[in-house]
Amino acid sequence: MRSTTPEHRTGPPLGRLYEVGGRRLMLHRSGAGEPAVVLLPGAGLVGLDYVNLHDRVARLTTGVLYDRAGTGWSDPVELPRTAGEVTDELRDLLAAAEVPGPYVLVGHSLGGAYARHYAQRFPGEVAGLLLLDPTHEDFLRRAPRQVPEMLERMKSQDLPEPTEEQLQRSRDALAGHFAKWPDAVRGPLIEHHLTAWRTAWNEDKNLYTEVADELRNAPDLPDVPLIVLTALGHDATQAHLWPADLLREINDMKRTIHAELAASVPHGEQRVLDDVGHGWMHEERPDAVLGALTDLLRAVREG
Numbered sequence: 105m106r107s108t109t110p111e112h113r114t115g116p117p118l119g120r121l122y123e124v125g126g127r128r129l130m131l132h133r134s135g136a137g138e139p140a141v142v143l144l145p146g147a148g149l150v151g152l153d154y155v156n157l158h159d160r161v162a163r164l165t166t167g168v169l170y171d172r173a174g175t176g177w178s179d180p181v182e183l184p185r186t187a188g189e190v191t192d193e194l195r196d197l198l199a200a201a202e203v204p205g206p207y208v209l210v211g212h213s214l215g216g217a218y219a220r221h222y223a224q225r226f227p228g229e230v231a232g233l234l235l236l237d238p239t240h241e242d243f244l245r246r247a248p249r250q251v252p253e254m255l256e257r258m259k260s261q262d263l264p265e266p267t268e269e270q271l272q273r274s275r276d277a278l279a280g281h282f283a284k285w286p287d288a289v290r291g292p293l294i295e296h297h298l299t300a301w302r303t304a305w306n307e308d309k310n311l312y313t314e315v316a317d318e319l320r321n322a323p324d325l326p327d328v329p330l331i332v333l334t335a336l337g338h339d340a341t342q343a344h345l346w347p348a349d350l351l352r353e354i355n356d357m358k359r360t361i362h363a364e365l366a367a368s369v370p371h372g373e374q375r376v377l378d379d380v381g382h383g384w385m386h387e388e389r390p391d392a393v394l395g396a397l398t399d400l401l402r403a404v405r406e407g
């Protein structure tokens, strides 16, 4: 059975809800100028996880962050979803919020796959792409054989409900993690992650089946500036998931497929970051992310 995220009793601490296709979707915008930069979260993350990056973006141009349906402060929906559903929804949301294109899309992890698919489907509406350690449709095909075997075993397991003690430990850890977030955001964001921790698991369920096929069967990326940031540093979640020797092989493969992705367009570039992990690279190295974005904006405006 597909799952939904819990509904929030109150509105989002930042941004507002827009009616799109019979659902309410959260979008927050700041700044001014073109092109607008739209942030697409990774699986299990929400727009406000990127609010510190968003605030820096808003000093350069219009910044937009949002929650996909089924995540964050947007209405619940059955998960997982296809990339076509997600990109149609984003397109309609940007229209409803009157954010003019073409856009620079910043996609992290699963959001990177969705950003690519948006550009494949609506090439005239994308001015540039910044992909933060994006997931790739060929990951399982090219990973060491132990990887798909281990993932299949994990998918067959039920995720147990956390105990009160585990929840308190998680709350304390999240409070430390979000210490640098704005006061109005910190508390609601902590409570969200404590209640919606299954979302990443559910969003990723069709990543290497339906979503992978959508990416493979869509047109090539448009000829727009593209930067791929590859994270090869320590990541607590990845280190817990994979043995060290296997993780080294995975990272070698990831470096290669990201390089191929960057080379798939005339103005593509890969930048490898050896000192950041996958999950929070936008917080561990905001200078590298913002530097790449500044370079993209310059290329778009000069192009």
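Its first residue numbered 105, the sequence shown is counted upward by one per residue in this note's numbering. Even for Gly, the Cβ is constructed at its ideal location relative to N, Cα and C. If you're wondering where the values come from, they're calculated on a predicted model, not measured in any experiment.
Which word fits H158, buried or exposed, when buried means at least 16 other C-beta atoms lie within 10 angstroms of its C-beta?
Counted from its first residue, the sequence shown places residue 158 at position 54. The residue in question, H158, is buried, as its Cβ has 16 or more Cβ neighbours within 10 Å.
Find out if the Cβ-Cβ distance for the pair R128, D196 is shorter than 8 Å.
Walking along the sequence shown from the start, residue 128 turns up at place 24. Walking along the sequence shown from the start, residue 196 turns up at place 92. Their beta carbons are not under 8 Å apart, which means R128 does not touch D196 by this criterion.
Is the CB-CB distance between V376 and E388 below 8 Å?
For the purposes of this step, residue 376 is taken as residue 272 along the sequence shown, with counting starting at 1. For the purposes of this step, residue 388 is taken as residue 284 along the sequence shown, with counting starting at 1. Contact: no.
Just curious, the beta strand (DSSP E) that G372 is in, first and last residue?
Counted from its first residue, the sequence shown places residue 372 at position 268. G372 -> beta strand (DSSP E) spans 372-377.
Taking the continuous beta strand (DSSP E) assigned at L144, which residues delimit it?
Residue mapping note: residue 144 aligns to position 40 of the sequence shown, counting from 1. From DSSP, the beta strand (DSSP E) with L144 extends over 141-144.
Exposed or buried, R405, counting other C-beta atoms within 10 Å across all chains shown (16 or more means buried)?
Start at 1 with the first residue of the sequence shown, and residue 405 comes out as number 301. Exposed, since its Cβ has fewer than 16 Cβ neighbours within 10 Å.
Tell me the rounded alpha-carbon separation between V181 and P326.
In the sequence shown, counting from the first residue as 1, residue 181 sits at position 77. In the sequence shown, counting from the first residue as 1, residue 326 sits at position 222. Near 30 Å, if we compare the C-alpha coordinates of P326 and V181.
In whole angstroms, what separates the C-alpha of L183 from that of W301?
Reading the sequence shown from its first residue, position 79 is the one you call residue 183. Reading the sequence shown from its first residue, position 197 is the one you call residue 301. Their backbone Cα atoms lie some 13 Å apart in a straight line.
Classify N355 as buried or exposed, calling it buried when 16 or more other Cβ atoms lie within 10 Å of its own Cβ.
Numbered from 1 along the sequence shown, position 251 holds the residue referred to as residue 355. Classification of N355: buried, given that the 10 Å Cβ count is 16 or more.
Does DSSP put S134 in a helix, a strand or coil?
Locating residue 134 in the sequence shown gives position 30, counting from the first residue. If DSSP states are grouped into helix, strand and coil, S134 belongs with the strands.
Hey, how far is the Cα of A392 from the Cα of T166?
If you number the sequence shown from 1, residue 392 lands on position 288. If you number the sequence shown from 1, residue 166 lands on position 62. If you take the alpha carbons of A392 and T166, they lie about 19 Å apart.
Return the CA-CA distance between N156 and F282, expressed in angstroms with no decimal places.
On the sequence shown, position 52 is the one that residue 156 refers to. On the sequence shown, position 178 is the one that residue 282 refers to. Cα-Cα distance, rounded: 10 Å.
Which residue comes first and which comes last in the beta strand (DSSP E) that contains L311?
Residue mapping note: residue 311 aligns to position 207 of the sequence shown, counting from 1. Looking at the DSSP string, L311 is not in any beta strand (DSSP E), and its letter there is neither H nor E.
Can you tell me whether H344 is buried or exposed, with buried defined as 16 or more other CB within 10 angstroms of its CB?
In the sequence shown, residue 344 corresponds to position 240, counting from 1. With fewer than 16 other Cβ atoms within 10 Å, it is exposed.
Taking its Cβ as the centre, do 16 or more other Cβ atoms sit within 10 Å of Q272, making it buried, or is it exposed?
Position 168 of the sequence shown holds residue 272. Looking at its Cβ environment, which holds fewer than 16 other Cβ atoms inside 10 Å, Q272 is exposed.
In three-state terms, what does DSSP make of R245?
Locating residue 245 in the sequence shown gives position 141, counting from the first residue. In the structure shown, R245 sits in a helix (DSSP, three-state: H, G or I).
Using three-state DSSP, classify M105 as helix, strand or coil.
If you number the sequence shown from 1, residue 105 lands on position 1. In this prediction, M105 scores a pLDDT of 32, lower than 50, which makes its location untrustworthy; no coordinate-derived value is stated.
From this set, V332, P347, A340, which residue's C-alpha is nearest L365's C-alpha?
Along the sequence shown, one-based indexing puts residue 365 at 261. Ranking V332, P347, A340 by Cα distance to L365 puts V332 first.
Would you mind sorting T360 into buried or exposed? The rule is 16 or more other CB atoms within 10 Å of its CB.
Taking the sequence shown and counting its residues from 1, the one referred to as residue 360 is at position 256. Counting Cβ neighbours within 10 Å, T360 comes out exposed, since fewer than 16 surround it.
How many Å lie between E295 and P370 at the Cα?
Position 191 of the sequence shown, counting from 1, holds the residue named residue 295. Position 266 of the sequence shown, counting from 1, holds the residue named residue 370. In a straight line, the C-alpha of E295 is about 44 Å away from that of P370.
Does D262 pass the burial test, meaning 16 or more other C-beta atoms within 10 Å, or should it be called exposed?
Walking along the sequence shown from the start, residue 262 turns up at place 158. It counts as exposed.
I need the DSSP call for H338, collapsed to helix, strand or coil.
Start at 1 with the first residue of the sequence shown, and residue 338 comes out as number 234. Residue state, collapsed to three classes: coil.
Helix, strand or coil, according to DSSP, for H386 in the structure here?
Within the sequence shown, residue 386 is the residue found at index 282, counting from 1. Three-state DSSP puts H386 in a helix.
Return the CA-CA distance between K284 and R120, expressed in angstroms with no decimal places.
To locate residue 284, count along the sequence shown from 1; it is residue 180. To locate residue 120, count along the sequence shown from 1; it is residue 16. Their Cα atoms are separated by approximately 22 Å.
Identify every run of the alpha helix (DSSP H) within the region 176-236, keeping only runs that are complete inside it and at least 4 residues long; order them along the chain.
Entirely contained in the region 176-236, the alpha helix (DSSP H) runs reaching 4 residues are, in chain order, 187-200, 214-225.
Could you tell me the boundaries of the beta strand (DSSP E) in which E364 lies?
Translated into the one-based positions of the sequence shown, residue 364 becomes position 260. Element bounds for E364: not the beta strand (DSSP E) but the alpha helix (DSSP H), 348-366.
Write down every uninterrupted run of the beta strand (DSSP E) in the region 256-292 whose length is 3 residues or greater and which is fully enclosed by it, in chain order.
With a minimum length of 3 residues, no continuous beta strand (DSSP E) run stays inside the region 256-292.
Taking the beta strand (DSSP E) that L157 belongs to, which residues open and close that run?
For the purposes of this step, residue 157 is taken as the residue at position 53 of the sequence shown. No beta strand (DSSP E) holds L157; the alpha helix (DSSP H) holding it covers 155-161.
Check for me: the beta strand (DSSP E) holding G167 runs from which residue to which?
As a position in the sequence shown, residue 167 is number 63, starting the count at 1. From DSSP, the beta strand (DSSP E) with G167 extends over 167-170.
Considering only DSSP beta bridges, list what V332 is partnered with.
Sequence index remark: in the sequence shown, residue 332 carries index 228 (1-based). Bridge partners of V332: L235, Q374.
Which whole-angstrom value is the C-beta distance of A223 and L236, which I expect to be below 8 Å?
The residue given as residue 223 occupies position 119 in the sequence shown. The residue given as residue 236 occupies position 132 in the sequence shown. About 15 Å; that fails the 8 Å criterion.
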